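**Q**
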Amino acid sequence: MVKRRVMFTFPPELIKEPIIYNLGQQFKVVTNIRRADVNGDRGWVVLELEGEGKDIERGIAWVSSKGVRVDPVVGDIVEG
5 MVKRRVMFTF
15 PPELIKEPII
25 YNLGQQFKVV
35 TNIRRADVNG
45 DRGWVVLELE
55 GEGKDIERGI
65 AWVSSKGVRV
75 DPVVGDIVEG
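And the structure:
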């Protein structure tokens, strides 16, 4: 099992979509929300993802393909 921290930044049209839930269900990735700020027109979430490395990579690619910006997080600092 691998752990990885990422930050998802959601555009307004995806705020109400269950992206994180679907990531966990479709790719067998355990998601742990570490921080978040979501309002009516934007949102971001810092997540810890745990699972097989290939499943995490496929899940992140899927999230990006949906229109969510994905940035790596080192400790509590977002890179990129």
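When you line the sequence shown up against the numbering used here, it's residues 5 to 84, in that order.
Quick reminder that beta carbons are idealized off the backbone N, C-alpha and C, glycines included.
Owing to the predicted nature of the structure, the values given are computational and were not obtained by experimental measurement.
(1) List the DSSP bridge partners of Gly47.
(2) Can you give the Cα-Cα distance for Ser69 and Val6, rounded to whole angstroms?
(3) Over what stretch of residues does the alpha helix (DSSP H) that includes Val33 continue unbroken?
(4) Out of curiosity, what's the CA-to-CA distance linking Ile19 and Arg9?
(5) Please tell me whether Val77 and Phe14 are closer than 8 Å, where the distance is taken between their beta carbons.
**A** Quick look at the numbers:
(1) Phe14 and Val42
(2) 22 Å
(3) Neither: Val33 is in no alpha helix (DSSP H) and is coded neither H nor E.
(4) 20 Å
(5) no
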